[in-house]
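Colleague: Residue numbers (our numbering): 640 to 713. Below: one structure in structure tokens.
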Amino acid sequence: MTAVPATVVSSDKKGDCYLVIVCISLPRFRGSFNSLHFGENVPATGSYYDGTLELRYFQDPGFSVGDSFPLWRD
640 MTAVPATVVS SDKKGDCYLV IVCISLPRFR GSFNSLHFGE NVPATGSYYD
690 GTLELRYFQD PGFSVGDSFP LWRD
């Protein structure tokens, strides 16, 4: 697996879940959401579009804006 440099740009509670927006720092990243691997905090759902991950968690994942986000790809 290869580490993917990523940074948390937003982390908010929305209703009964937590929404975390992550920016992937690789220009021209051509991976799919299904090829990504997360650290200990695996999101309940998520999507990827144009260098940005939108992740939803049922419990507070503990990320703050500016944090490095643990992410790998195949």
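All C-beta atoms in this analysis are idealised placements derived from N, C-alpha and C, irrespective of residue type, glycine included. The model shown is predicted, which means the values in this text are computed figures rather than measured ones.
1) Can you grab the Cα-Cα spacing for the pair Ser703 / Val647, in whole Å?
2) What does a CB cutoff of less than 8 Å around Met640 pick up in its chain, not counting 5 residues either side in sequence?
3) CB Ser686 to CB Phe668, shorter than 8 Å?
4) Beta-carbon separation of Tyr657 and Ser650 under 8 Å?
5) Compute the distance between the beta-carbons of Leu694 and Pro682, then report whether it is under 8 Å.
6) Can you tell me the Cα-Cα spacing of Ile663 and Tyr688, whole angstroms?
7) Who are the near neighbours of Pro642 in its chain, counting only those whose CB is closer than 8 Å to its CB and skipping five residues on each side?
8) Excluding the 5 residues flanking Gly701 on each side, which residues of the same chain have their C-beta closer than 8 Å to its C-beta?
Modeller: Checking against the coordinates, here is how it stands:
1) The residue given as residue 703 occupies position 64 in the sequence shown. The residue given as residue 647 occupies position 8 in the sequence shown. About 7 Å.
2) Numbered from its first residue, the sequence shown carries residue 640 at position 1. So the list reads His676, Trp711, Arg712, Asp713, once near-sequence residues are dropped.
3) Reading the sequence shown from its first residue, position 47 is the one you call residue 686. Reading the sequence shown from its first residue, position 29 is the one you call residue 668. Taking 8 Å as the Cβ cut-off, Ser686 and Phe668 do not qualify as a contacting pair.
4) Residue mapping note: residue 657 aligns to position 18 of the sequence shown, counting from 1. Residue mapping note: residue 650 aligns to position 11 of the sequence shown, counting from 1. Contact flag set, yes.
5) Start at 1 with the first residue of the sequence shown, and residue 694 comes out as number 55. Start at 1 with the first residue of the sequence shown, and residue 682 comes out as number 43. Taking 8 Å as the Cβ cut-off, Leu694 and Pro682 qualify as a contacting pair.
6) Mapped onto the sequence shown, residue 663 falls at position 24. Mapped onto the sequence shown, residue 688 falls at position 49. If I take the Cα positions, the gap works out to 10 Å.
7) In the sequence shown, counting from the first residue as 1, residue 642 sits at position 3. First, the amino acid is wrong: residue 642 is Ala here, not Pro. Contacts found: Leu710, Trp711.
8) Position 62 of the sequence shown, counted from the start, is the residue given in the question as residue 701. Closer than 8 Å at Cβ, skipping near neighbours: Asn680.
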